[in-house]
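With the sequence shown counted from 1, adding 1 to any position gets you the numbering used here. Below is one structure, written out as structure tokens; comments come after it.
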Amino acid sequence: MTARDPGARQAGDDRRSRLAMAVTELCTTRRLSETASREIEPTLLELVRAVDRRVRVAMAERLADCEWAPPAVIQELAFDAIECARPVLERSVRLTIDDLLAAAEIGPDHRLALAGRGETPPRLTLALARHLEPPVIRRLAANPGAVLPDAAALDFASVARDDAELQALLAERPDLSERFASALQAVAADAIRQRLAERFPDLPADRLDAAAEAAAEADTRNGDAAAAALIAKLHARGQLDTVHLLRAARADRHDVLDHAISRLAGVDVEDWRTAVSRSGLRACALAGRAIGLADDEVEAVHESLRRAGHVHALEPARFRQALDEMQRLYSCEDARRALRRLGAAASIH
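Below, the structure is given as structure tokens:
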């Protein structure tokens with residue numbers, strides 16, 4: 002048999018799978034010192050990257066409850082497909098707060114898993130809640146280990162407006178603060194308002210707490226830092242590609258989109274944003290050329306920016322003309338330099 006023979010490939014896959022599970026078993030059977038965990042980490046990390054999803058899911062289930070599991074392996078699984086990520090996102094204590102915040106930017110499935118952690122610190126709750134996803138908000142509200150900071154009150158109240166079950170979950174939480182209750186009161190049904198009034202007799206009627214609103218506004222500014230952390234982590238792991246960029250564009254996650262373009266195009270994120278404000282069409286066309294995006298992918302980025310009000314709508318013919326011009330006049334490196342100059346408010350020619 003040759004290396005190309007399907008039977009040989011299958012045999013190799015089977016060997017790797019057995020080895021991966023054997024090393025996982027070795028890791029979890031008895032407590033390892035931090036030194037031993039670091040020593041086993043490269044081998045286990047190589048294996049988790051080599052085996053198929055079915056095996057990675059099995060590894061994640063075993064390692065999620067292992068307090069001494071190699072951190073890099075847990076991080077690898079946390080950023081994997083949700084079937085592999087869910088166990089470690091929900092249960093592993095080896096993920097740092099920075100890991101958790103970065104994972105929260107991957108997508109709704111990862112956020113839903115994080116919302117079920119035994120302990121959800123305030124920064125993580127804020128990062129999860131700001132996406133206003135009802136399943137995530139409900140799971141946080143039902144999670145006694147989730148800390149609900151005042152800065153998240155408006156996000157919870159926004160989702161609770163049309164959700165009687167969520168209103169009840171929040172009203173029954175023993176740790177509900179007066180500020181949080183004030184935000185909830187502004188959107189709640191009469192029965193919940195009455196319950197809140199009995200519990201918080203000094204709560205002003207029909208008033209959205211200004212302190213909670215100010216705290217929420219302050220947290221919004223932290224979203225860009227979380228997006229930057231996510232993209233930096235993906236880049237450092239060699240996993241950042243145009244798939245992440247396009248996913249952010251189609252989901253209108255402009256903070257993630259900006260940092261992805263910045264990394265992939267090799268320009269400062271503020272230069273990219275300045276370039277968009279000066280000439281959105283040219284900025285998109287140059288970035289597309291620098292990164293190597295197909296025309297329809299550049300169009301997806303431009304359309305996302307249009308929905309956000311950052312660029313104007315264009316006739317398809319004008320848009321294609323600009324892309325053709327970039328293709329004809331600029332190499333990838335020339336486009337990168339031109340984009341930097343545009344962002345620095347200089348001529349791109």
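By construction, the Cβ of each residue, glycine as well, lies at the ideal position given by its N, Cα and C atoms. Every value quoted in this text rests on a predicted model; they were computed, and no experiment measured them.
Would you grab the beta carbon distance between residue i and residue j for me? Rounded to a whole angstrom, and I think it's under 8 Å.
i	j	result
Ala82	Arg54	6 Å
His245	Ala261	6 Å
Val74	Glu35	Contact doesn't hold; Cβ gap of about 14 Å is too wide.
Ala291	Ala336	4 Å
Asp272	Arg338	With 8 Å as the limit, Asp272 and Arg338 do not qualify as a contact, their Cβ atoms being about 11 Å apart.
Gly224	Arg131	6 Å
Leu185	Leu170	In fact, because the Cβ distance is near 10 Å, the residues do not count as touching under 8 Å.
Ala314	Arg307	6 Å
Leu102	Ala128	5 Å
Ala182	His255	Not really, about 33 Å apart at Cβ, beyond 8 Å.
Who pairs with residue i in a beta bridge, going by DSSP?
i	result
Thr121	Ala147
Rounded to whole angstroms, what is the Cα-Cα separation between residue i and residue j?
i	j	result
Val137	Pro109	8 Å
Ala323	Gly344	18 Å
Ala61	Val94	13 Å
Arg32	Pro72	14 Å
Ile98	Leu115	11 Å
Arg352	Ala288	With the chain represented from 2 up to 350, any question about residue 352 goes unanswered, as that position is not in the structure.
Leu64	Arg16	20 Å
Asp163	Pro135	10 Å
Ala158	Arg87	27 Å
Glu304	Gly281	11 Å
Arg92	Pro145	15 Å
Leu167	Val188	11 Å
Asp242	Ala143	36 Å
Excluding sequence positions up to five away, which residues of its chain have a Cβ less than 6 Å from the Cβ of residue i?
i	result
Asp296	Leu324
Val58	Glu84 and Cys85
Trp69	Arg32, Leu33 and Ser38
Val89	Ala61, Ala65, Ile75, Leu78 and Ala79
Ala286	Ala323, Leu324 and Met327
Cutting at 8 Å between CB atoms, please list the residues of its own chain near residue i, excluding the five before and the five after it.
i	result
Asp203	Glu179
Leu46	Pro71, Ala73, Val74 and Glu77
Just curious, the alpha helix (DSSP H) that residue i is in, first and last residue?
i	result
Thr97	No alpha helix (DSSP H) contains Thr97, which DSSP labels as neither H nor E.
Cys67	Per DSSP, Cys67 belongs to no alpha helix (DSSP H) and is neither H nor E.
Glu271	Val270 to Arg279
Gln195	Asp191 to Arg200
Ala51	Glu35 to Ala51
Leu177	Unbroken run through Leu177: none, as it is neither H nor E.
His111	Pro109 to Leu115
Val356	Since the displayed the chain opens at 2 and closes at 350, residue 356 lies outside it and no answer follows.
Ala266	His255 to Ala266
Phe320	Pro317 to Leu330
Gly344	Cys333 to Gly344
Val312	Per DSSP, Val312 belongs to no alpha helix (DSSP H) and is neither H nor E.
Identify, in the order they occur along the chain, each residue of the same chain with its Cβ nearer than 7 Å to the Cβ of residue i, setting aside the five sequence neighbours on each side.
i	result
Glu106	Ala227, Ala228, Leu231 and Val257
Arg140	Leu113, Ala116 and Gly117
Ala219	Model confidence at Ala219 stands at a pLDDT of 46, short of 50, so the residue's coordinates are unreliable and nothing is read from them.
Cys67	Cys28 and Thr29
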